[in-house]
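S.K.:
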Amino acid sequence: MSTNETIAAIATASGVGSIAIIRLSGENSLIILKKLTNKEHVTLRYATLSKLYNSKSELLDEAICIYFKAPHSFTAEDVVELQCHGGVVVAELILKRVLELGARLAQPGEFSKRAFLNGRIDLSEAEAIAKLIESKSEDAVKILTRQMRGELKEYVYSTREEMLEVLAYCEVSIDYAEEDLPQSLIEQIEEKLNNIKTHLTTTLRVSQSRQGLMQGFKVSIVGKPNVGKSSLLNALLSFNRAIVSDIAGTTRDTIEESVKIGSHLIRLVDTAGIRQTQDSIEKIGIERSIEAIENSEIVIALFDGSRVQDDEDRIILDLIEKYKDEKSVITVTNKSDLKQEFEIENALKLSCKSSVEELVKKLKALMDSQNISDEIMLVSLRQIEAVEKCVEAINETFEPLKNQELEFVSFHINDAIKLLSSISRPYEYDEMLDKMFGSFCLGK
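Its first residue numbered 6, the sequence shown is counted upward by one per residue in our numbering.
Have a look at this one:
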C-alpha cells in the first residue's frame, strides 16, 4: 500500500550532538538524493560519504548517505538515510533542502505507519518500537526486543487460528447440519474454548503482575506525620527534594521523583502523613496518599522507632494489612540512631540521616525478583484491555453452548477474534471461510 508522497524527517533528538540522521521514504527518495548530492549514480545499500548542497550549489555538509530500494527497507518503500553532523542548524538546513526538492515533512509515527500498511510490521511490533524508545529498565528492553522479533505476533496468530477452528466448527454445524460431523461436537468446542481461555488468562496475569518492568516501578513512602518520609525521599534521591521540618503535616501533597536503582528506573512518591485531621487541605493530601498506595507496586511503610506506638501507627499497620496481598510492602523503622521504643517484627531498621543502603538493596532485590520469564507479555494497557475483553467474549459463549445455540456462540467467538486481532492485525471474515472449507472439505 505504497503512497506517491515522499516524506522526510529528522530521526534523532533535537539539540547538540555528534551525528544527526535525516530519513526519507517514498518513490522520489532516490531522485532527491541525487539532486542533493549532485551525483548521477548511487550504489544500493552502500554507505557513501557525499557532499550535500543547497539550491545555490553551496555546501551544506558532508554526510554518509545510504539508499535502500523497495521493498527491502523498513517502510517497504524506497528509503534514504542521511547521517550528517549534529547540531541545532545543520540538520534543519538539510531537511529544508530535502523539502524544497519535493518531499513533505512526515507526521509523527508516519514511517512506522507506512511500515505497517505495507506489511513490514504488525501493530504489536510497531507498539514495541514506540515502547522501546520510552523503556525504563533493561528488562523492558529485553521484553520489547522479543516483541520486535515477532513473538507476540506469533502468539496472537496461533491463538487466532485456534479460535478460527472453533468458529469453523460452529459455522459448519449451523449451515451444514446434514453433513457428517465429528462426534461430541459440543464437548469438543467447550474443551477448546476452555483451553484458549486458560492460555489467555495466564498471559493476562503475567502481564498485569509485571507492569513495573515495563513502565517503571512506582514506590510510595507512607507513614504518619514526622516519621521521616521526606528525609527518606531525599536520602534515596541523594538531594533535598522535599522540605524537612519538625512540624507535623509539612508535606500536604504527594511529591514524585524518579531515581535509578540497579537496572530499574523507579518513581518514588513521598506522601502526606496519614492521620485523623480536621484540616481540609491536609485531608485532601491524605486521600491522595491512599490513592498513591493503590497505584503503587511497592509500598515502603515507615515508622518512627524512637516513639511509642500510637493510634496513628495503628492506622498505617491496618493499611499494610489491607494491601499486603496486592502490593509488595517493605516495613521500615526509622531513627535507629535513637533509643528504640517501637519495634515491628521483620522490619528493616535504619536512620535516614546516616545510610539507606540496606533499603536500596532490598528494593533492588524485590524488583530483580520480578524476572523475565518465557511467558508472552503484553506491554501496553491497550493490549491488556484487548485480551481482557477477548476473555469476556469467550465467557459469553458457554451458556449458549450448553443450549446448543451455536449462532450466539459464533457471534461471541467472532467478537473474541476481532478483539485479539486488534493487537496484531485486523481480522477478516474470509479467514474463517478459508478455515471452514479447508478443514472440512466442504463446497467442492
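For every residue, glycine included, the Cβ atom is placed at its ideal position computed from N, Cα and C.
Taking 8 Å as the cut-off, decide whether the C-beta atoms of Lys265 and Ser311 are in contact.
M.R.: Mapped onto the sequence shown, residue 265 falls at position 260. Mapped onto the sequence shown, residue 311 falls at position 306. It is not a contact, given that the beta carbons lie outside the stated cut-off.
S.K.: Quick check on the DSSP output: the beta strand (DSSP E) that includes Glu262 runs from which residue to which?
M.R.: Mapped onto the sequence shown, residue 262 falls at position 257. Element bounds for Glu262: Ile260 to Ile266.
S.K.: Can you tell me where the alpha helix (DSSP H) with Ala398 in it begins and where it stops?
M.R.: Stepping through the sequence shown from its first residue, residue 398 is reached at position 393. Where Ala398 is concerned, the enclosing alpha helix (DSSP H) stretches over Leu386 to Asn400.
S.K.: Candidates Glu143, Ala135, Ala145 and Glu130: which alpha carbon is nearest Leu157's?
M.R.: Numbered from 1 along the sequence shown, position 152 holds the residue referred to as residue 157. The candidate whose alpha carbon is nearest that of Leu157 is Glu130.
S.K.: Does DSSP classify Lys202 as helix, strand or coil?
M.R.: Here residue 202 refers to the residue found at position 197 when the sequence shown is read from its first residue. DSSP places Lys202 in helix when its eight states are reduced to three.
S.K.: List the endpoints of the continuous alpha helix (DSSP H) containing Ile335.
M.R.: By 1-based counting over the sequence shown, the position of residue 335 is 330. Element bounds for Ile335: not the alpha helix (DSSP H) but the beta strand (DSSP E), Ser333 to Asn339.
S.K.: Between the alpha carbons of Asp316 and Gly233, how many angstroms are there, rounded?
M.R.: Taking the first residue of the sequence shown as 1, we reach residue 316 at position 311. Taking the first residue of the sequence shown as 1, we reach residue 233 at position 228. The alpha-carbon atoms of Asp316 and Gly233 are separated by roughly 18 Å.
S.K.: Leaving out five residues before and five after Val313 in sequence, what residues of the same chain have Cβ atoms less than 7 Å from its Cβ?
M.R.: The sequence position of residue 313 within the sequence shown is 308, counting from 1. If we look at Val313 and ignore the five residues flanking it on each side, its Cβ neighbours are Glu346 and Phe347.
S.K.: Nearest to Glu82 by CA position, among Glu195, Pro405 and Ile12, is which residue?
M.R.: Here residue 82 corresponds to residue number 77 of the sequence shown, with the count starting at 1. Nearest of Glu195, Pro405 and Ile12 to Glu82, Cα basis: Ile12.
S.K.: To the nearest whole angstrom, what separates the beta carbons of Thr42 and Lys56, a pair I think is in contact under 8 Å?
M.R.: Within the sequence shown, numbered from 1, the residue matching residue 42 stands at position 37. Within the sequence shown, numbered from 1, the residue matching residue 56 stands at position 51. That belief holds up - the Cβ atoms of Thr42 and Lys56 are roughly 7 Å apart, short of 8 Å.
S.K.: Of the choices Leu29, Val337, Ala96 and Glu159, whose alpha-carbon is the least far from that of Ser23?
M.R.: By one-based count along the sequence shown, residue 23 stands at place 18. Looking at the Cα atoms, Ala96 is the closest of the given residues.
S.K.: Where DSSP assigns a beta bridge to Leu54, which residues make up the other side?
M.R.: In the sequence shown, residue 54 corresponds to position 49, counting from 1. Ile69, per the DSSP bridge assignment.
S.K.: Can you give the Cα-Cα distance for Ser30 and Glu10, rounded to whole angstroms?
M.R.: Within the sequence shown, residue 30 is the residue found at index 25, counting from 1. Within the sequence shown, residue 10 is the residue found at index 5, counting from 1. Each residue's alpha carbon lies about 8 Å from the other.
S.K.: Mind checking which residues open and close the alpha helix (DSSP H) that includes Arg319?
M.R.: If you number the sequence shown from 1, residue 319 lands on position 314. Unbroken alpha helix (DSSP H) run through Arg319: Asp316 to Tyr328.
S.K.: Using CA coordinates, which residue listed in Cys70, Val21 and Ala18 is at the minimum distance from Ser34?
M.R.: One-based indexing of the sequence shown puts residue 34 at position 29. For Ser34, the nearest C-alpha among the options comes from Cys70.
S.K.: Rounded to whole angstroms, what's the CA-CA distance from Phe416 to Gly124? Just pull it up for me.
M.R.: In the sequence shown, the residue the question calls residue 416 occupies position 411. In the sequence shown, the residue the question calls residue 124 occupies position 119. Their backbone Cα atoms lie some 29 Å apart in a straight line.
S.K.: Can you give me the C-alpha to C-alpha distance between Val211 and Leu38, rounded to a whole angstrom?
M.R.: As a working note, residue 211 is residue 206 in the sequence shown. As a working note, residue 38 is residue 33 in the sequence shown. One C-alpha to the other measures close to 48 Å.
S.K.: Spatial neighbours of Val21 within its chain, please: CB distance less than 8 Å, with the 5 preceding and 5 following residues excluded, ordered by chain position.
M.R.: Reading the sequence shown from its first residue, position 16 is the one you call residue 21. These residues qualify, in order along the chain: Gly91, Gly92 and Val93.
S.K.: Looking only at its own chain, which residues have a Cβ that is under 7 Å from the Cβ of Ala111, when we skip the five neighbours before and after it?
M.R.: Here residue 111 is taken as the residue at index 106 of the sequence shown, counted from 1. Answer for Ala111: Ile12, Ala13 and Ala14, listed in chain order.
S.K.: Compare the C-alpha of Cys175 against each of Tyr162, Ala16, Arg430 and Thr402 and name the closest.
M.R.: Sequence index remark: in the sequence shown, residue 175 carries index 170 (1-based). Nearest of Tyr162, Ala16, Arg430 and Thr402 to Cys175, Cα basis: Thr402.
S.K.: Answer yes or no: do Thr336 and Leu353 have a C-beta to C-beta separation smaller than 8 Å?
M.R.: Indexing the sequence shown from 1 puts residue 336 at position 331. Indexing the sequence shown from 1 puts residue 353 at position 348. For Thr336 and Leu353, yes; Cβs fall inside 8 Å.
S.K.: Please say whether Leu49 and Lys74 have beta carbons closer to each other than 8 Å?
M.R.: The residue labelled residue 74 in the question sits at position 69 within the sequence shown. The residue labelled residue 49 in the question sits at position 44 within the sequence shown. Going by C-beta atoms, Lys74 is nearer than 8 Å to Leu49.
S.K.: So Glu380 is in the beta strand (DSSP E); what residue range does that whole segment cover?
M.R.: Position 375 of the sequence shown holds residue 380. Careful: Glu380 lies outside any beta strand (DSSP E) and carries neither H nor E.
S.K.: On the DSSP bridge assignment, give the partners of Cys89 in chain order.
M.R.: Taking the sequence shown and counting its residues from 1, one reaches residue 89 at position 84. Ala25, per the DSSP bridge assignment.
S.K.: Per DSSP, which residues does Lys354 bridge with? Please list them.
M.R.: One-based indexing of the sequence shown puts residue 354 at position 349. Thr338.
S.K.: To the nearest whole angstrom, what separates the beta carbons of Lys118 and Ser385, a pair I think is in contact under 8 Å?
M.R.: Along the sequence shown, read from residue 1 onward, the residue named residue 118 stands at position 113. Along the sequence shown, read from residue 1 onward, the residue named residue 385 stands at position 380. Contact doesn't hold; Cβ gap of about 17 Å is too wide.
S.K.: Near Leu98, which residues of its chain fall below 6 Å by C-beta distance, leaving aside the five closest residues on each side in sequence?
M.R.: Numbered from its first residue, the sequence shown carries residue 98 at position 93. Leu65.
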